[in-house]
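Numbering (my numbering), first residue to last: 263 to 408.
Have a look at the structure below before the remarks.
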Amino acid sequence: MSPRVGGGRTLSERVVLVPWGDAPPGGERALATVRDRPWPGKLPGPPPATVLERPRPVDVVSRDGASVDVDDRGVLSGAPERFRTEGDRGGGFAPVTAWAGPWPLVVRWWESGGRRLHRLQLVDAEGRAWYLVLADHRWWAEAIAT
């Protein structure tokens, strides 16, 4: 399968898998049309190099060791100081060298199953940018840019 960038609000929604050597359904022009539509809440390009197949749970903590959350007004409970992803070797926290966000994303607000999410971008000591999503007070790594 060959990944292509399609349309959508979340990074995982934007991944379109096409069999190797085949054109996307409807052709490249159809894919470009969907991609270029206005997608409120979409992250601006270019997309990160790696969109994770399954989001990874992430712990984000402030200087005092408290978990970082987002309140009803969209404000962080503390500045992200350290983080770790589930499955990290040794389970230690990595320092956050830079961060941006949060950015709200309201998904299907008109439906009873609609969700309010928040995005956050962290940069680790190796210079990798981590794209996180907060859902139900839990951070998830959605993508990594190197």
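For glycine and all other residues, C-beta sits at the position ideal for the given N, C-alpha and C.
Item, Value
"Going by the DSSP bridge assignment, what does residue 264 pair with across the sheet?", "280"
"By how many angstroms is the C-alpha of residue 345 removed from the C-alpha of residue 300?", "33 Å"
"Please name the residue or residues paired with residue 366 in a DSSP beta bridge.", "380"
"If you reduce the DSSP assignment to three classes, tell me which class residue 329 lands in.", "strand"
"Beta strand (DSSP E) containing residue 290: first to last residue?", "Unbroken run through residue 290 is the alpha helix (DSSP H), 289-297; no beta strand (DSSP E)."
"Are the beta-carbon atoms of residue 328 and residue 339 separated by less than 8 Å?", "yes"
"How should residue 404 be labelled, buried or exposed, when 16 other C-beta atoms within 10 angstroms of its C-beta is the threshold for buried?", "buried"
"Going along the chain, which residues of its own chain have a beta-carbon closer than 7 Å to the beta-carbon of residue 400, five neighbours each way excluded?", "319"
"Please confirm whether residue 396 and residue 379 have their CB atoms less than 8 Å apart.", "yes"
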